[in-house]
Structures are given as structure tokens and as C-alpha cells.
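Asker: Below are the C-alpha cells for one structure; questions will follow.
Below you can see the structure in the form of C-alpha cells.
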């Protein structure tokens, strides 16, 4: 993937979603000429740098695994003073950024860097920055914006924040790290891990911040993303149908003694139970609550949504383990998760 555009993208967290979604789609869009990503694992940074900034993503389709080489990407360690300065300079020139951290708890660590980048952007008259927040937490964008606002020096005027628009996302793309074995290509030569993501890329984002004339100066260079005026209904569908259905499938598989999610293809009785939970319970409630908001929230569309999810959950090329999906039930079933 040659980078042929003139835009700059900056990511935070070099995990499967950042690599297999934002960087992959950004590299293929033809709009970016520079990809930068903050990462703290020194060994991984060294391996990708040794490969000329190129990394590999394994993409699970319904009938095969595709290997895609992506880059070049500049991996920068924010704990290294020189890399941190380079990261701030990249943000000053960036048009888009994405945070894909383990949780919103990581915002406290990156907020000072984003704040410094916005201040530098103002000084250099850089382009406005659209920031995607991909931490799977409602109102993540508001949380990050508040962290960044607090990280600005007290004497700083509020105008640096005017150059940033933080948007939430609904990312229903199944992904993760897997051992670089059994035909999976490593992230970079010598890395023991592989990025493994599904081919699905229908990602939803919140609306871009409007100007006074109701247009937005914040532009998107990744065309596959779909912008919605209100993400709340889709966040609910992701949580109560997708996430809950995935967990339900794993719990039933675990009780049945299955070890991989694709083994559910041999248990139509369990798949029927999962579908009933997704369509007749969660789906019916979602349709009742959000009818008229979007074509998704009709009985037929919600059933099709669930059927697509179930087919993707049991994709053998994702190599998803039951133990992984079923892990940490106390957190997943908690009221505050």
C-alpha cells in the first residue's frame, strides 16, 4: 500500500483495531501521505522500524485469510523524549487521529500530548483535527475532550480546542492478537504475535462538529466510515445485541464443552438460543425503543443484523477461542460496564 495522499493521520495505541482498521483503511484510502502511531512496546517498535515501517494484518474473510501489508507507519514511543516531540509535531500537522487504547483510563496519559499538539497546531496554523475515539465506551469523545482541556496550561486561551473535534465510534469489527503460527503472518518479521481481524468494516462515527453555518471544517479521509447524527441507538444495539449476543454464545459454548466459537456451527440448537436472545429479547426492545430513528430498528432489519453477527461470530478463520470471549463475566455483566 503506497501512501499517495497529502493528509496526516496519528494513532494512539498500536493494537488490532488501530492497525487493522484505522491504519489499514487510511493507507488504502489514497488520501494520506503520512501515518504515525504512538506505541510503548519497544520490541514491536524496533521490529516494525526494521521492516521499513511496514506491518502485516491478517484479514479473516468467510472463506480464507488475506494477508495485507500496510504502511509505512512511523511508530513513536511517547516515553522517549525525542519520539514524544515528534509525536507532538505530527499532531500539529495532522488532519485525523484515532485513539484505540485498552480503555478510557488511558486518556489521562495521552491528553498532555494531544494538548501540546493542539497548541503547536495553533502556532503553526495547522489543519483542524478530527479525532475518532474507539474505546468502546459511551461518551468517550466527551471524556477525552475534557482530559485534553484540563491538560492545557491554565494561561492557554480556549482556542486550541476549537481546532479539534472529538467523535465517538461504534466499531463492530471483531479483532485481536493471535500467535504468529499456523499460517498467520507476524506483525513484522520476528514478532511472535499477529494481527487478526475480520473483513467487516462498516464502522459508524458520530457527527463532525458543525460551524456556525451548520457545515463542518473537519474533513474525513477514510471514506468507508458512516456518519450518524446520533450514535446512542447504535451504541445500544452494539451493547445489547452484538456484545450480549457474543457473550451469550460463548457462555453456552463453554457449558457445552466447546473450545472454539466456530464449533457452534455443529450446534444449531445453541445458535437458535443465541438468535432468540438477540432477536426476540434484545432486538425487540431495541426496535420498540428506537423505531423510526433508522432503518435498522425494524423487526426484519434487526433479525438480519443478528443473523449477520452470528455468521461472523462462528467464522472459523477468526480462530476465536471460547475462553477468550467468555472471560471476565463479572465485568461484562456488571451494571457499570
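Residue numbers (our numbering): 9 to 345. Using N, Cα and C, we set each Cβ at its ideal position, and we do this for glycine too.
1. Taking 8 Å as the cut-off, decide whether the C-beta atoms of residue 156 and residue 123 are in contact.
2. For residue 144, count the other beta carbons within 10 Å of its own beta carbon; 16 or more makes it buried, fewer makes it exposed. Which is it?
3. Give the single residue among 174, 160, 146 whose Cα lies nearest to the Cα of residue 137.
4. Are the region 21-39 and the region 104-120 touching, with three or more C-beta to C-beta distances below 8 Å?
5. On the three-pair Cβ rule with 8 Å, is the region 272-287 touching the region 226-245?
6. In this structure, does DSSP put residue 199 in helix, strand or coil?
7. Roughly how far, in whole angstroms, is the beta-carbon of residue 186 from the beta-carbon of residue 194, given that I think they are within contact range, below 8 Å?
8. Do residue 252 and residue 290 have their C-beta atoms within less than 8 Å of each other?
9. For residue 216, does the three-state DSSP call read helix, strand or coil?
10. According to the Cβ coordinates, are residue 46 and residue 19 closer than 8 Å?
11. Mapping DSSP to helix, strand and coil, what is residue 102?
12. Going by C-alpha distance, which of 39, 264, 277 is nearest residue 227?
13. Which residues bound the beta strand (DSSP E) around residue 186?
14. If I measure Cβ to Cβ from residue 254 and keep anything under 7 Å in the same chain, skipping five residues before and after, which residues do I get?
15. Here's a check: name, in chain order, each residue in its chain whose Cβ is nearer than 7 Å to the Cβ of residue 115, leaving out the five neighbours to either side.
Answerer: The short version:
1. yes
2. buried
3. 174
4. yes
5. no
6. coil
7. Their Cβ separation, rounded to whole angstroms, is 10 Å, which puts residue 186 and residue 194 out of contact at 8 Å.
8. yes
9. coil
10. yes
11. coil
12. 39
13. 183-187
14. 321, 333
15. 151, 152, 155
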